[in-house]
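A.B. asks: The structure is given below, and queries will be raised subsequently.
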Amino acid sequence: MEQHLKKRIVGALVTVIAVAIVLPILLDGSRAKLSLDVDIPPIPETAEWSDDQRERRVRIELEKLASGDSHAATTPQPTRTVERDDPAAPRTLGDRGAVDDENLPYAWTLQVGAFSQRNNAEKFRDRLLSDGFKSYLEEQTDSEWVRVYVGPVLQRHQAEALQAQLKQQLQQQEVFIKRFRARS
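The number in the numbering used here is simply the position in the sequence shown, starting from 1, with 10 added.
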C-alpha cells in the first residue's frame, strides 16, 4: 500500500508543477504578440483583359444553362434494346476493325440479361465478373429495366465466339450481339 501511495503523491506533484509552469505562460498573453516573418512574394499583376474574358466566359455559360442547351447536350440518348443480333460492319475483311461514317470504330457488346430490380442485375454482373468476363450495367432511360452486358470487343468474330461461350456457360439462348457506342 505504501508503494501505491508514493506513486499517487509523485503523480500529483508532477501535475501541480506542470500546471504551475504552463498556466502563467498561457495567461500572460506575451505569446499572442509574437509575429511570424513570412517571405511570400506579392501577387503578380495580371493583364487587364484577363478579368473581362473570364466574365464573358461565365456569362456565356450562364446563358447556355438558362436556355437549356447544355441540358440537352448532357442528356444521354435512350438505350436501344436488341431482340436479335446487330448486323456486321459493312466492308470488313476478316478480323480487321472498321469505322463508320462518323469515324467511330465498330465495337461489339453482348446483351446477356435484363432485370427489373437493380440488385438482381448487380448480382448477375458480379457473377459474370467472377467468371472472368468484362461486364457492365446500363439502365434504360425510358423504362425500369437494367440490362447486363458483356464486352466490348473490337472484332465481330470475337463477339461471336464470346456469344457461343456465354450461351454454353449460362445455358441460355438469348445472348444478343449489339453494336457498342461509347458515351462521353
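Ideal Cβ placement from N, Cα and C applies to all residues, glycine included.
1) For a minimum of 3 consecutive residues, which ranges assigned as the beta strand (DSSP E) are wholly contained in the region 117-148?
2) Just tell me which of His14, Lys17, Pro34, Ala192 has its CA closest to the CA of Pro115.
3) What residue from Trp155, Leu147, Ile50 has the CA that sits closest to Pro196's CA?
4) Taking only the alpha-carbon atoms, compute the straight-line gap between Val48 and Ala30 and give it to the nearest angstrom.
5) Could you check what DSSP says for Val158 in three-state terms: helix, strand or coil?
6) What is the rounded straight-line gap between the Cα of Gly123 and the Cα of Ala171?
7) Tell me whether the beta-carbon of Val156 lies closer than 8 Å to the beta-carbon of Leu138.
8) I'd like to confirm the pairing. Which residues does DSSP put opposite Lys188 in its beta bridges?
C.D. replies: Considering the structure as presented:
1) The beta strand (DSSP E) runs lying completely inside the region 117-148 and spanning 3 residues or more are 117-125, given in chain order.
2) Numbered from its first residue, the sequence shown carries residue 115 at position 105. The shortest C-alpha to C-alpha distance from Pro115 to any of His14, Lys17, Pro34, Ala192 is the one to Ala192.
3) There is simply no residue 196 to check, as the chain begins at 11 and stops at 194 in what is shown.
4) Counted from its first residue, the sequence shown places residue 48 at position 38. Counted from its first residue, the sequence shown places residue 30 at position 20. Val48 and Ala30 have their C-alpha atoms some 33 Å from each other.
5) Within the sequence shown, residue 158 is the residue found at index 148, counting from 1. Correct three-state label for Val158: strand.
6) Along the sequence shown, one-based indexing puts residue 123 at 113. Along the sequence shown, one-based indexing puts residue 171 at 161. Gly123 and Ala171: Cα-Cα distance of roughly 18 Å.
7) The count along the sequence shown starts at 1 and reaches residue 156 at position 146. The count along the sequence shown starts at 1 and reaches residue 138 at position 128. Going by C-beta atoms, Val156 is not nearer than 8 Å to Leu138.
8) Within the sequence shown, residue 188 is the residue found at index 178, counting from 1. Paired residue(s): Thr119.
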